[in-house]
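Engineer: Here it is, the structure in full.
Residue numbers (our numbering): 347 to 643.
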């Protein structure tokens, strides 16, 4: 549902309940075809709170203003592709990242990354602004991710990450059905010469890793798990799911035999942390992708 603001132009709407951008626009523009609405999005003619938004599944919150700009040559501040901003303040930016988008690349990396897009975004407002990496998500993992806007915030978060992060949950679509409804996987993980992580009982040169999981729903072929990290090692969930014989769907690198949703079945669902400046606990959630739910019923 939405209402047009009093005295507002016909191309301006206010969101009344949580929604996604494309479905919202289709309802608000019933006389406009689906392909035409998609084209309007693609051309950067849709503003969410005066910022260009092109992502179809961008999450809308009650009270947000949506404007459709009729001039096709509208000048964009910065186009964000494969990500949407959930929160921004003077210290932080929290995003919802799509699967397939790199978090950060090497200096030689020519592909678009979340870090590069956000750097362009903040510099479009102020050339002196920068973006700092706090943690990473694998390219094929979607969901909530945090960046810092200054070095002080970055250092506070990285140096006290375990203390400041209050909740970190993932949705994992795994092959088969774990015998126990919930459990904890604890081992040491190490990186091979081919850059693949593996578990070992020998702590020498390895990192201690702890993963908690709980069944949400499932069938004989696929199970949806809620996974909570106690430690945050590279590819930790992926290697731990392989260790218990239930690799993440689509994860060929770590033993998966199937790819039912045509992507890695891993999504950063919840991130809650203490703000580095005001110390308030902030919690952000990204909806579990629909294919995770439909394929595990």
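Where a beta carbon is used, it is the ideal one built from N, C-alpha and C, also for glycine.
1) For residue 559, which beta-bridge partners are listed by DSSP?
2) Look at residue 517 and residue 536 and say whether their C-beta atoms are less than 7 Å apart.
3) Pick from 376, 358 and 426: whose alpha carbon is nearest that of residue 389?
4) Which residue spans inside the stretch 372-416 form an unbroken beta strand (DSSP E) run of at least 3?
5) When the Cα atoms are used, what is the spatial distance from residue 613 to residue 357?
6) Buried or exposed: which applies to residue 494, given that a residue is buried once 16 or more other Cβ atoms fall within 10 Å of its Cβ?
7) Just reading off the beta strand (DSSP E) that residue 492 is part of, what are its end residues?
8) Anyone know if the C-beta pair for residue 595 and residue 606 falls short of 7 Å?
9) Under a Cβ-count criterion, where at least 16 other Cβ atoms within 10 Å of its own Cβ denotes burial, should residue 567 be classed as buried or exposed?
10) Within a Cβ cutoff of 8 Å, which residues of the same chain sit near residue 406, ignoring the five residues on either side of it in sequence?
11) By Cβ distance, which residues of its chain are closer than 6 Å to residue 630, with the 5 residues on each side in sequence left out?
12) For residue 442, write down the residues that DSSP places opposite it in a beta bridge.
13) Is it the case that the stretch 566-581 contacts the stretch 467-480, given that we only count it when at least three CB pairs across the two stretches are under 8 Å?
14) Looking at residue 642: is its Cβ nearer than 7 Å to the Cβ of residue 563?
15) Per the DSSP calculation, residue 365 is bridged to which residue(s)?
16) In three-state DSSP terms, what is residue 514?
17) Using DSSP bridges, identify the partner residues of residue 540.
18) For residue 620, which three-state DSSP category applies?
19) Under a Cβ-count criterion, where at least 16 other Cβ atoms within 10 Å of its own Cβ denotes burial, should residue 381 be classed as buried or exposed?
20) Near residue 637, what residues of its chain come up, given a Cβ to Cβ distance below 7 Å and the 5 sequence neighbours on each side ignored?
21) Please tell me whether residue 555 and residue 584 are closer than 7 Å, where the distance is taken between their beta carbons.
22) Tell me whether residue 420 sits in a helix, a strand or coil according to DSSP, three-state version.
23) As a quick exercise: from 599, 387 and 487, pick the residue whose alpha carbon is nearest that of residue 540.
24) Can you give me the Cβ contacts of residue 581 inside the same chain, cut-off strictly under 6 Å, excluding the 5 residues immediately before and after it?
25) Could you give the DSSP three-state label for residue 470: helix, strand or coil?
26) Within a Cβ cutoff of 8 Å, which residues of the same chain sit near residue 446, ignoring the five residues on either side of it in sequence?
Structural biologist: Per the coordinate set shown:
1) 529 and 573
2) no
3) 426
4) Counting whole runs of 3 or more residues, the stretch 372-416 contains the beta strand (DSSP E) stretches 392-394 and 411-414.
5) For residue 613 and residue 357, the distance between alpha carbons rounds to 34 Å.
6) buried
7) 488-494
8) The Cβ atoms of residue 595 and residue 606 sit closer than 7 Å to each other.
9) Around the beta carbon of residue 567, a 10 Å sphere encloses fewer than 16 other beta carbons of the protein chains shown; the residue is thus reported as exposed.
10) 361, 364, 365, 366, 367, 370, 394 and 412
11) Result list for residue 630: 432, 440, 490 and 617, in chain order.
12) 430 and 490
13) no
14) yes
15) The beta-bridge partner set that DSSP reports for residue 365 consists of 406.
16) Look at residue 514 here: in three-state DSSP terms it is strand.
17) For residue 540, which the question treats as bridged, DSSP gives no partner whatsoever.
18) strand
19) With fewer than 16 other Cβ atoms within 10 Å, it is exposed.
20) 607
21) A distance of 7 Å or more separates the beta carbons of residue 555 and residue 584.
22) For residue 420, the predicted structure reports a pLDDT of 47, less than 50, and the residue's modelled location is therefore unreliable. A value from the coordinates is still provided. Residue state, collapsed to three classes: coil.
23) Ranking the options by Cα distance to residue 540, first place goes to 599.
24) 543
25) helix
26) Contacts found: 428, 485, 486 and 609.
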